[in-house]
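Colleague: The structure follows.
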Amino acid sequence: MEYLIHIAIFICIYGILGLSLNLVIGETGLVSVAHAAFYGLGAYAAALLLTEAGFNFFAALPVAMVLAGLLALATGVVFSRFRGEFYMLGTVGFNIIIWSVFLNWQGLTHGPLGVPGIDRPELFGFRFSENITFLLLSLVLLAATYGVAQFITRSSFGRVLKAIREDEQAISIFGYATLHYKLLIFVISAMLAGLAGALFASYITFIDPSSFTLNESIFLLAIVILGGLGSHSGALLGALILVVMPEAFRFIGFPADVAAQLRLATYGVLLIGLMLYRPQGLLGTFRL
Amino acid sequence: MDIIVQIALNAVIAGATYSLVALGVNLLYSTGRFFDLGYGGLMTVGGYAAFFLYKESGFPLVAALVLAVIITGIIGFVIEKLIYRPLRQRKASNTVLLIASLGVITVIQAGLAMAFTSQFQTLSRNIAGQRTFEISGGIITETQVVILVAGLVVMALLGVVLKYTLWGKAVRAVADDEEVAQVVGINSERVIGIIFFIGACIGAMAGIAVGFDTGLQPTMGLPLLLKGIVAAIIGGIGNVWAGVIGAFALAIIENLGAWKFSGEWKDAISFAVLIFFLIFRPQGIWPK
Amino acid sequence: MSLLQTHNLLKKFGGVHAVDHVDVEFPAGKITALIGPNGSGKTTLINTVTGILPMDGGTVAVGDSVLKKIAPHIIATYGITRTFQNVRLIGQLSVLDNILLVLTERNVWGALFERHTKLHLSEAEEILKKVGLWEKRSAKAEELSYGQRKLLEIARALAMRARIYFFDEPYAGLFVEMRKIVSDILRELKAGGAAVVLVEHDMTLVRELADVCYVLDSGKVLAHGTPTETLERDAVVEAYLGK
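Chains as they are written, first to last, in our numbering: chain E, 56 to 343; chain B, 344 to 631; chain H, 139 to 381.
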């Protein structure tokens, strides 16, 4: 039972990551492979605020989100001018640079040693130390993220994003400063990734750079593409499938390291298969 | 003074390897018109094929290397035929091809890790006893000299073929404008297939070079490929020879940076350079 | 009174001057036709004035401003709008959404907190009914027939309530009934005091609708005057038919 709760918490965390990344890739058509950088920034910000500055989780959370948002603003300004594959390459480079910072700025992040001893959240004396309570917290945050995503896509802003996705120049003629739109959605998406990061840090109680590599961003990309671009429920479905799958492999009896490679091989095959046969993913409305 | 010479020598070796990679990247990009991340996987395959034949199956060195290169070439050809060609015929966007290629490298990496474990392997039979040469106070190993010479020979051969043979002209025609080339009667599909074969062969050589010089790991492909892409972009994407210069430039910047700041920041520096070029000079130093 | 003028407008591609130091002006309340053989620079001229392509020289005067650089998203503030020769709708959005896009809030924050209102819907209804597409409002734009897509683009331009309209070959591929709709719209816009600029190949339409003509050839203005005046000139006939 504990095991199932553990999996469920991860589904929530990756659900938040998938929903937020879908806003950028699925709704706006910007293929960003940098999401893990914002996820990591949120995690490290929360971790350090909790362990070294004595912050309460619920105070650290907005700070982590704002920091992720600021980083996204700075980089978004730079990247929003790049076209298609150059945008993707730029975000790959950005992910690697940020990961290098996590790994090498040892004075701040303790480098490869990571940040241990992160507390579970505490609210008015109540500690979320039981996994089941943490799951409830995660579900609440997931629902909030879903709500935000829906709010965005149902608004006039959401309609503009879809237009940018299809023909940015054509829509700009009609009075839209599309750069602002791309920037804002990138920032919002990054803030939500930061939220997931803080949640992750507080759950695992220890973080290190290995959780925020380029491979992680690729995993997030697989979630969004599998579930379906432009679909919120698709992002959730993708998260569900890709979190459960490696556990299923372990269950079948593969040793842990083979299971890890099998999981990687499966994402790879999935990505290829999806591009060949179903580029809009399982529930998606937008074909890349 | 010695240290400068050593940095220069290191840069020359790194530059030679990156040039091979950049060469392949440019060849593939000019004809296939997308950044094939699977190419990174192929480089790793080349290294491991050589490892399997030479160190695990006892083939004589030259035979092992030649076989490894050819096997990799065939695999590259097959991947193009099975995955990229159908996508290109459907007029898939560059992003779709890029994502499919991401799937390819992920599968290759995972497969190699399952077959050879994720442990570091080396191609040299006798690392400690290698001959070294001293040049103006810097040291260069025999392996490195061989890599350098082989690299230059390959590039020269390729240059001759591209410029003076009928087939080379066909390649340049397809690179220039595929539709027009088809109109003139060139079978562009066959040309592209052969280019992928040759590109994979060159990639295998780069993988083997790294295997001898530093060692093999299933995950070595993507970082190496990314360096090659950065080199190609610095030089001017699509301009096969400018990529070589870009490669040496990148190697010099990287090694200087590693000396000034510290080795761990090497990757971050390369990608900072990439982003710099994407912002200020996306067409590279020598645009096509 | 001219609502938009270009002065010495230059647009080049490599060595080719697609728009070669062109002076044109588009008067209010009149339909100005831009005609000329293929490649003469008509669409390039429009693309340059509407910010799709950057200007290489010269200026564009509109309202009180003289512009040397035109970014696509600012033309709307100067009352300029257009349709495209190769229809550029948002295919994956519905017919209604394509119109709502140009009716709703432009500001990033305003748009975020806005859901389209009844007012927007009734405006969209009025415009879509004018082109006969209200019944199809839920269909995706990419599902429409070619003629319907052209009408939708025109509707989109109408919804902008602009002062200067550029229509790039709006009649191409349209059936007779649809052509009548377009002509009625153009006349209505002209009556409302807008400057209507029309790129057309069909000379009958040009004679019928246009008040003024510019004939372009190889990026330069060959002739300027009423349709009768310009279309009769030898030089113009030669440009079309070759010597």
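All C-beta atoms in this analysis are idealised placements derived from N, C-alpha and C, irrespective of residue type, glycine included.
Out of Ile-262/E, Leu-74/E and Ile-207/E, state which residue places its alpha-carbon closest to the alpha-carbon of Pro-171/E.
Modeller: Ile-262/E
Colleague: Rank Leu-281/E, Val-121/E and Ile-153/E by C-alpha distance to the C-alpha of Ser-613/B and give the top, closest one.
Modeller: Ile-153/E
Colleague: Would you call Phe-255/E buried or exposed, if buried means 16 or more other Cβ atoms sit within 10 Å of its Cβ?
Modeller: So Phe-255/E counts as buried.
Colleague: Give me the chain E residues within the contact set of Met-457/B, using Cβ-Cβ distance strictly less than 8 Å, ordered along the chain.
Modeller: Under the 8 Å cutoff, chain E gives Val-313, Gln-316, Leu-317 and Ala-320.
Colleague: For chain E, find out if any of its Cβ atoms is closer than 8 Å to the Cβ of Leu-287/H; answer yes or no.
Modeller: Per the sequence shown, the amino acid found at residue 287/H is Arg instead of Leu. No - not a single Cβ of chain E is within 8 Å of the one on Arg-287/H.
Colleague: If contact means a Cβ-Cβ distance below 9 Å, which residues of the segment 226 to 238 of chain E contact chain H?
Modeller: Ile-226, Ser-227, Ile-228, Phe-229, Gly-230, Tyr-231, Ala-232, Thr-233, Leu-234, His-235, Tyr-236 and Leu-238
Colleague: Under 6 Å Cβ to Cβ from Leu-79/H, same chain only, skipping five residues before and after it: list those, please.
Modeller: Residue 79/H lies beyond the range of chain H shown here (139 to 381); nothing can be said about it.
Colleague: How far does the alpha helix (DSSP H) with Asp-235/H in it reach, from first residue to last?
Modeller: 233 to 241
Colleague: Going by DSSP in three states, Leu-269/E sits in which element: helix, strand or coil?
Modeller: In this structure, Leu-269/E counts as helix in the three-state DSSP scheme.
Colleague: Between Phe-344/E and chain H, is the shortest Cβ-Cβ distance under 8 Å, so that the two count as touching?
Modeller: Nothing about residue 344/E can be reported from this structure: the residues present for chain E run from 56 to 343 only.
Colleague: Whole angstroms is fine: what's the gap from Ile-537/B's alpha carbon to Phe-476/B's?
Modeller: 38 Å
Colleague: With 8 Å as the limit, tell me which residues of the segment 174 to 202 of chain H have their beta carbon closer than that to any beta carbon of chain E; keep them in chain order.
Modeller: Thr-188, Gly-189 and Ile-190
Colleague: On the DSSP bridge list, what partners appear for Gln-143/H?
Modeller: Glu-163/H and Ala-199/H
Colleague: List the residues of chain B whose Cβ lies closer than 8 Å to the Cβ of Asn-159/E, in chain order.
Modeller: Ser-605, Glu-607, Trp-608 and Ala-611
Colleague: Nearest-angstrom Cα distance between Asp-161/H and His-145/H?
Modeller: Approximately 5 Å between the Cα atoms of the pair.
Colleague: Sort Val-157/H, Ile-218/H and Thr-219/H by Cα distance to Gly-174/H and report the nearest one.
Modeller: Val-157/H
Colleague: Is Lys-207/H helix, strand or coil when you go by DSSP?
Modeller: coil
Colleague: Could you pull the start and end residues of the beta strand (DSSP E) that Gly-581/B belongs to?
Modeller: According to the DSSP assignment, Gly-581/B belongs to no beta strand (DSSP E), since it is labelled neither H nor E.
Colleague: Chain E beta carbons: is any one of them nearer than 8 Å to that of Ala-214/H?
Modeller: Chain E contact via Cβ: present.
Colleague: What in chain B is Cβ-close to Glu-82/E, meaning under 9 Å?
Modeller: Those within 9 Å of Glu-82/E in chain B number zero; the least Cβ separation is about 15 Å.
Colleague: Give me, in chain order, the residues of the same chain whose beta-carbon lies closer than 6 Å to that of Lys-206/H; leave out the 5 immediate sequence neighbours on both sides.
Modeller: Thr-197
Colleague: On a Cα-Cα basis, can you pick out the residue from Ala-393/B, Ile-414/B and Val-573/B that is closest to Val-405/B?
Modeller: Ala-393/B
Colleague: Using 8 Å as the threshold, is the segment 590 to 606 of chain B in touch with the segment 354 to 368 of chain B, meaning 3 or more CB pairs across them?
Modeller: yes
Colleague: Tell me the DSSP bridge mates of His-155/H?
Modeller: Secondary-structure assignment with DSSP links His-155/H through a beta bridge to Lys-150/H.
Colleague: Quick check on Ile-240/E - is its C-beta less than 8 Å from some C-beta in chain B?
Modeller: So, not an interface residue.
Colleague: Could you check which residue in Phe-241/E, Ala-311/E, Glu-302/E and Pro-301/E has the C-alpha nearest to that of Ser-87/E?
Modeller: Phe-241/E
Colleague: Are the segment 249 to 268 of chain H and the segment 289 to 307 of chain H touching, with three or more C-beta to C-beta distances below 8 Å?
Modeller: They touch, by the three-pair rule.
Colleague: For a test of the three-state rule: what should DSSP assign to Tyr-352/H, helix, strand or coil?
Modeller: For Tyr-352/H, the secondary structure class from DSSP, reduced to helix, strand or coil, is strand.
Colleague: Could you please give me the residues that DSSP links to Val-559/B through a beta bridge?
Modeller: Before going on, a small fix: residue 559/B reads as Leu here, not Val. Its beta-bridge partners are Gln-464/B.
Colleague: Could you check what DSSP says for Lys-434/B in three-state terms: helix, strand or coil?
Modeller: coil
Colleague: Taking C-alpha atoms, which residue in Thr-268/E, Leu-331/E and Ile-278/E lies nearest to Phe-157/E?
Modeller: Thr-268/E
Colleague: Quick one: is Ala-114/E near chain H, going by C-beta distance under 8 Å?
Modeller: no
Colleague: Starting from Phe-304/H, trace the beta strand (DSSP E) in both directions and tell me its first and last residue.
Modeller: 302 to 306
Colleague: Would Ala-456/B and Pro-561/B qualify as a contact pair, given that the criterion is a beta-carbon distance under 8 Å?
Modeller: yes
Colleague: Give a yes or no on whether 8 Å exceeds the smallest Cβ distance from Ala-335/E to chain H.
Modeller: The sequence given here has Gln at residue 335/E, not Ala. No, Gln-335/E does not count as interfacial toward chain H.
Colleague: List, in order along the chain, the chain E residues whose C-beta lies closer than 9 Å to that of Thr-557/B?
Modeller: Result: empty, since nearest Cβ-Cβ is about 19 Å, beyond 9 Å.
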